[in-house]
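Chemist: The structure is given below, and queries will be raised subsequently.
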Amino acid sequence: MKYDFASIEQKWRDYWDREQTFRTPNPGDPPDAGFDPDKPKFYVLDMFPYPSGVGLHVGHPLGYIATDILGRYKLMRGFNVLHPMGYDAFGLPAEQYAVEHNVHPRITTEKNIANMTAQLKRLGMGYDWSRCFATTDPGYVKWTQWIFLQLYHSYFDPIENKAMPIAHLIHQLEQQNYYVGIDGELINSADTENLEALSGIGDPNVHKWHELDPGQQARLLDEYRLAYMDDVEVNWCPRLGTVLANEEVTNDGRSERGNFPVYKRPLKQWMLRITAYCDRLIDGLDDIDWPESIKLLQRNWIGKSLGARVDFAVDGTDDASITVFTTRPDTLFGATYMVLAPEHPLVGEITTDAQLDAVEAYQRRAESRSSVDRQADAKEKTGVFTGAYAVNPVNDQAIPIWIADYVMMGYGTGAIMAVPAHDERDYAFARTFDLPIVEVVSGGDVSKEAYTGNGPLIHSANDEVSLNGLPVDEAKQRITGWLEARQLGWSQTQYRLRDWLFSRQRYWGEPFPILHGPHGEIRPVDEADLPVELPEMDDFKPHGTDDPDAPPQPPLGRAGDEWKKVTIDGVEYTRELNTMPNWAGSCWYYLRYLDPQNKDALVGREAERYWMLSKKKDGSHHAGGIDLYIGGPEHAVLHLLYFRFWHQVLYDLGHVSTPEPAGRYFAQGYIQAFYYEDAKGVRVPAADVIDQKSNQPAMELQDKDEKELELVYEGRPVKRQYGKMGKSLKNAIDPVEVMDRYGCDTLRLYEMYLGPLEASKTWNTQDIVGVHRFLQRVWRNFYDADNGGLLIDEQAPDEATLRLLHKTIQRVTDAMESMGFNVAIAALIELNNALVKLDKLPRVVAESFVKMLAPFAPHVAEELWAVLGQAPSVAHRDWPAYDPALLVEDTIELPVQVNGKLRGKVTVAADADDSAIEAAARADPNVAVQLDGKTVRKVIVIPKRLVNIVAS
RNA sequence: GCCGGAGUGGUGGAAUUGGCAGACACGUCGGAUUCAAAAUCCGAUGCCCCUUAAAGGCGUGUGGGUUCGAGUCCCACCUCCGGCACCA
């Protein structure tokens, strides 16, 4: 009997499909057949793929194999396991593929999904396919749009610290619990102090709700909705023909997708008020088991800074003042000039006639430059003096006001006080323009460079307050207190995170459930009319251009009026023509898997509570969410931030039961590979690169140092680069080819054996034979290679074999719990190598071995399980348990060190006392030689570990 | 520049968290089988000294330190990878 993996794998794939082996019953009234409410649950989730149509490479299934192994393991450990899969089918990748092939995206998406499903089934994945859906399904789009309407109809209440229905805010305003300030700020009517500060009630700038006209009321509410339209500085990518979120723009000012230039320009777009959740998003990180590195990325991205706002009066004006944000109010006495962002609204007001031409020229230049240019010469400081002066509130000094593009309108107040002595950027600017530098924190040498460290304050006192001698943190507190008392400033928390730009000029996305009235009023689509489906269009392509001044043109603008125009009660509305970004669908898909067919809610209450809430041992719940989420860390400040935001809103509004979507997230590493570039940086097909010295293909010389090779492609020298595997890099390995040659079980084992799941690792095709040989050896332990006879022994195993089995069960079980799959496989290989030496395989050992192999190599395990005469499926059998008594050895071998160096080994009884061990150690001939002529100073006996004799 | 992470044989990686460094696998070398090759099987394999073996010396990026004992802890530095980047 040969190990015929092709037919074995086909047979068991068909079996799982036919028998629905991995279908997961749901709770409910009545529950699905086979649902056992007494079992604990395990919700394990992969980041679902884009059905891009280019096909999978071996890097894609890495995380999927890991979750599949864990899901199968947990099933055997008695959990109700939910392990679903679906498709993130909207968005740029799907649309670009459709454009390239000139087919409607719905057609290509369907085709690609079918293709990818076949590939995933070929990988032996134990998904519950009955829960599979695509984000493009109308039944799913309906609820994506519904959630958007929840965002539109909600605001973040700072007192409750959570999202609430906008109706609650309206009620508060009607009850006059709040008044409305000049900038639309809400003033608590009980907060008399604040009202007095604004000259009290009756101030023309403070209004009651009913004093506002309906238009003003609507605009006021828009200031608070979690989804709102606003004129904002957007990232406009003319080449892609769409705007992008900050998170989708690389740090050199280009689009993450396509690497095209991105320009800042003002545009009226849909925004999501994610900034309202800054603190919740930071605080929530403390309660979830995510890698610290990912938490840190999110914290840094949100960028919380504690500091102060300070008002500087503009010299020679009655009421003009500039508010700055600073994290270093302690250095206020060292402020020697101020800088406004070029687009700051006050610039026109304060600029003197003499400086007007220079200022306007600088503004035009700043405006015309793309973010790419602005980054490129970031080092060189440029700027122009406005001619105006501000008054430093602590010492009444007049300091010049400049404009410069190193200050950005989008952060803080768009204005800074410059303290060149203690800020590197201000220092460089002051040096360039010869502005004064005043040291106020001692400890550095400000004649050479800015000093940003701690130290006693100096030169910082006025008639009322002195900071001199204080360390930085105390000086901050004292000066902030003084500013607050004088109403010149106040402490302030500032965030780096901006609101989330949520519109795209794309066809292949969820339409907004929004109508625009003839006078610009916004009317949400009635829930009963959801989903708003995309119109059928022939010309769905984005019209990309190189002209940064060209206006964005949503493709839906080219749809017919029968779709665009909607008449309700005699009023003609126009549909919103932008679509949502592809992140929308991935923001809540993990909830839909719990109850994918539900027509009345995004997810049924009972299913949501069962799968999201984790039961504690005492029967109460703790906020668990997804028990294990595995995916690439490249989504750290994209999907992984966005979906937490949506989930927190849904939690606040009572639609879900846990404060966080995923209690545990695990960041998998990448599979990396070499790729090759010519002198111009153009990637060349890796398979055709050869080493001129040896005349061998470069792919077969991966171990060699590049310096020893002469790599050429078509005679041209090329350079080796190392990075993520991908079709565009021309270094992708097709998993189907690997499976054709070695089988799926081998591929699964190999990918897990490559190294720790979280590490990035190099694919090396020649290593695959190792795990393939392992499976063949396993097979030969069951079948006689000569006559095909079965080699199963019904007798109990000998003690040594039994001990080894139980030791292995312990090692594999421990490795599973810590996701050390490479180590688990090594333990199985070791056990199998020992079993090779037996004539026949004791049944007890064989059954336990097959069970442990099953999560990794499920097809061959099912086959061997059947060979053992057992009914399928091994996937539903209990994981083997180990007997602790069999792990304890009677005698143990102890290493003996002399002065910390290994000199011998002694075998002693496991329960031998220290003196007996010491005597045995001294008796070892080699140890005795080492001790000869020396005085023993000390003997250290670590029970069951080692002996160390210190001698001199 | 700032913030993370990582450096272990020819290669991928183990090491119960301070206790036998190099499990397991690839590769290489030797052998078996074969007309031959592939596949398969058996054995050896960190480096140095040595004809070989025993014994010994050196070894976890570099330099120091703590300790009976350091891949693991502390200090300084080097290299690579990832993220952020004029964020006040």
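2 is the number of the first residue of the first sequence in my numbering; add one for each residue after it. All residues carry an ideal CB built from backbone N, CA and C; glycine is no exception. Just so it is clear, the structure is predicted and the values come from calculations on it, not from any experiment.
Determine the extent of the beta strand (DSSP E) in which residue 493 is found, giving its start and end residues.
Modeler: Within the first sequence, the letter at position 492 stands for residue 493. Here the beta strand (DSSP E) through residue 493 covers 490 to 495.
Chemist: Quick check on DSSP: helix, strand or coil for residue 657?
Modeler: Counting from one through the first sequence, the residue named residue 657 turns up at place 656. Here residue 657 sits in coil by DSSP.
Chemist: For residue 298, which residues from the same chain have a beta carbon less than 7 angstroms from its beta carbon, with the 5 sequence-adjacent residues on both sides left out?
Modeler: Reading the first sequence from its first residue, position 297 is the one you call residue 298. Cβ neighbours of residue 298 beyond the five flanking positions: 637 and 638.
Chemist: What are the start and end residues of the beta strand (DSSP E) that includes residue 80?
Modeler: Within the first sequence, residue 80 is the residue found at index 79, counting from 1. Run containing residue 80: none; DSSP gives neither H nor E here.
Chemist: Which residues in the same chain as residue 100 place their Cβ atom closer than 7 angstroms to its Cβ, once the five residues preceding and following it in sequence are excluded?
Modeler: Locating residue 100 in the first sequence gives position 99, counting from the first residue. Excluding residues within five positions, the ones whose Cβ falls inside 7 angstroms are 542.
Chemist: Roughly how many whole angstroms lie between the Cα atoms of residue 738 and residue 62?
Modeler: As a first step, residue 738 is located in the first sequence; it is residue number 737 there, counting from the start. As a first step, residue 62 is located in the first sequence; it is residue number 61 there, counting from the start. Answer to the nearest angstrom: the Cα atoms are 14 angstroms apart.
Chemist: According to DSSP, is residue 609 helix, strand or coil?
Modeler: Along the first sequence, read from residue 1 onward, the residue named residue 609 stands at position 608. The answer is helix: DSSP assigns residue 609 an H, G or I state.
Chemist: Leaving aside the five residues before and after residue 200 along the sequence, list all residues of the same chain whose C-beta is less than 6 angstroms from its C-beta, in chain order.
Modeler: Residue mapping note: residue 200 aligns to position 199 of the first sequence, counting from 1. The pLDDT assigned to residue 200 is 45, lower than 50, so where the model puts this residue is not dependable; a value taken from the coordinates is nonetheless given after this. Hits under 6 angstroms: none found.
Chemist: Determine whether the beta carbon atoms of residue 580 and residue 507 lie at a separation below 7 angstroms.
Modeler: Looking up residue 580 in the first sequence gives position 579. Looking up residue 507 in the first sequence gives position 506. Closer than 7 angstroms, so yes.
Chemist: Identify the continuous beta strand (DSSP E) that holds residue 154 and give its terminal residues.
Modeler: In the first sequence, counting from the first residue as 1, residue 154 sits at position 153. Note, residue 154: premise wrong, no beta strand (DSSP E); not H, not E.
Chemist: What residues match up with residue 322 in a beta bridge as DSSP calls it?
Modeler: As a working mapping, residue 322 is identified with position 321 in the first sequence. 314.
Chemist: Would you mind giving the Cβ-Cβ distance between residue 509 and residue 106, rounded to the nearest angstrom? I have them listed as a contact below 8 angstroms.
Modeler: Working through the first sequence from its first residue, we reach residue 509 at position 508. Working through the first sequence from its first residue, we reach residue 106 at position 105. Contact holds; Cβ gap of about 5 angstroms.
Chemist: Counting only runs that start and end within the stretch 550 to 608, where is the beta strand (DSSP E) found for 3 or more residues in a row?
Modeler: Listed in chain order, the complete beta strand (DSSP E) runs (minimum 3 residues) inside the stretch 550 to 608 are 566 to 569 and 572 to 576.
Chemist: Who pairs with residue 753 in a beta bridge, going by DSSP?
Modeler: Along the first sequence, read from residue 1 onward, the residue named residue 753 stands at position 752. Bridge partners of residue 753: none, in fact.
Chemist: My output table needs one value for residue 773: the three-state DSSP class, helix, strand or coil.
Modeler: To locate residue 773, count along the first sequence from 1; it is residue 772. If DSSP states are grouped into helix, strand and coil, residue 773 belongs with the helices.
Chemist: For a test of the three-state rule: what should DSSP assign to residue 665, helix, strand or coil?
Modeler: Taking the first sequence and counting its residues from 1, one reaches residue 665 at position 664. Three-state result, residue 665: strand.
Chemist: Using a Cβ-Cβ cut-off of 7 angstroms (strictly less than) and excluding sequence neighbours within five positions of residue 36, which residues of its own chain qualify?
Modeler: Here residue 36 refers to the residue found at position 35 of the first sequence. Excluding residues within five positions, the ones whose Cβ falls inside 7 angstroms are 26, 27 and 28.
Chemist: Does DSSP put residue 201 in a helix, in a strand, or in coil?
Modeler: The sequence position of residue 201 within the first sequence is 200, counting from 1. Because residue 201 carries a pLDDT of 43, less than 50, the predicted location of this residue cannot be relied on, and no value is offered for it.
Chemist: Quick one: what does DSSP say residue 71 is sitting in, helix, strand or coil?
Modeler: Position 70 of the first sequence holds residue 71. The answer is helix: DSSP assigns residue 71 an H, G or I state.
Chemist: Are the beta-carbon atoms belonging to residue 419 and residue 427 less than 7 angstroms from one another?
Modeler: As a first step, residue 419 is located in the first sequence; it is residue number 418 there, counting from the start. As a first step, residue 427 is located in the first sequence; it is residue number 426 there, counting from the start. Yes, Cβ-Cβ distance for residue 419 and residue 427 is below 7 angstroms.
Chemist: Short of 7 angstroms in beta carbon distance, which residues of its chain neighbour residue 918, apart from the five on each side in sequence? Order them along the chain.
Modeler: Taking the first sequence and counting its residues from 1, one reaches residue 918 at position 917. Answer for residue 918: 895, 909, 942 and 948, listed in chain order.
Chemist: Going by beta carbon distance, what residues of the same chain come within less than 8 angstroms of residue 734, once the five residues before and after it are set aside?
Modeler: Position 733 of the first sequence, counted from the start, is the residue given in the question as residue 734. 58, 59, 674, 726, 764 and 766, listed in sequence order.
Chemist: Am I right that residue 244 and residue 499 are in contact with their C-beta atoms under 8 angstroms? What's the rounded C-beta distance?
Modeler: By one-based count along the first sequence, residue 244 stands at place 243. By one-based count along the first sequence, residue 499 stands at place 498. Rounded, the Cβ-Cβ distance is 13 angstroms, inconsistent with contact.
Chemist: Where do the ends of the alpha helix (DSSP H) carrying residue 419 lie?
Modeler: One-based indexing of the first sequence puts residue 419 at position 418. Premise fails: residue 419 lies in the beta strand (DSSP E), 416 to 419, not in any alpha helix (DSSP H).
Chemist: Determine the burial state of residue 395: buried for a count of at least 16 other Cβ atoms within 10 Å of its Cβ, exposed for fewer.
Modeler: Here residue 395 refers to the residue found at position 394 of the first sequence. By the 10 Å Cβ count, residue 395 comes out buried.
Chemist: Taking C-alpha atoms, which residue in 434, 392 and 659 lies nearest to residue 386?
Modeler: Start at 1 with the first residue of the first sequence, and residue 386 comes out as number 385. Closest by alpha carbon: 434.
Chemist: Please classify residue 723 as buried or exposed, where buried requires at least 16 neighbouring CB atoms within 10 angstroms.
Modeler: Locating residue 723 in the first sequence gives position 722, where the first residue counts as 1. Exposed.
Chemist: What does the alpha-carbon distance come out to for the pair residue 144 and residue 209?
Modeler: One-based indexing of the first sequence puts residue 144 at position 143. One-based indexing of the first sequence puts residue 209 at position 208. For residue 144 and residue 209, the distance between alpha carbons rounds to 37 angstroms.
Chemist: Please determine if the stretch 215 to 229 and the stretch 146 to 164 are in contact, where contact requires at least 3 C-beta pairs separated by less than 8 angstroms.
Modeler: Judged by Cβ distances under 8 angstroms, the stretch 215 to 229 makes contact with the stretch 146 to 164, as three or more pairs qualify.
Chemist: With DSSP collapsed to three states, give me the class of residue 4.
Modeler: Here residue 4 corresponds to residue number 3 of the first sequence, with the count starting at 1. Looking at residue 4 - three-state DSSP - the assignment turns out to be coil, as it is neither helix nor strand.
Chemist: Could you have a look at residue 933 and say whether DSSP puts it in helix, strand or coil?
Modeler: Position 932 of the first sequence, counted from the start, is the residue given in the question as residue 933. Residue state, collapsed to three classes: coil.
Chemist: Measuring straight from C-alpha to C-alpha, what distance separates residue 288 and residue 874?
Modeler: One-based indexing of the first sequence puts residue 288 at position 287. One-based indexing of the first sequence puts residue 874 at position 873. Between residue 288 and residue 874, the C-alpha separation is close to 38 angstroms.
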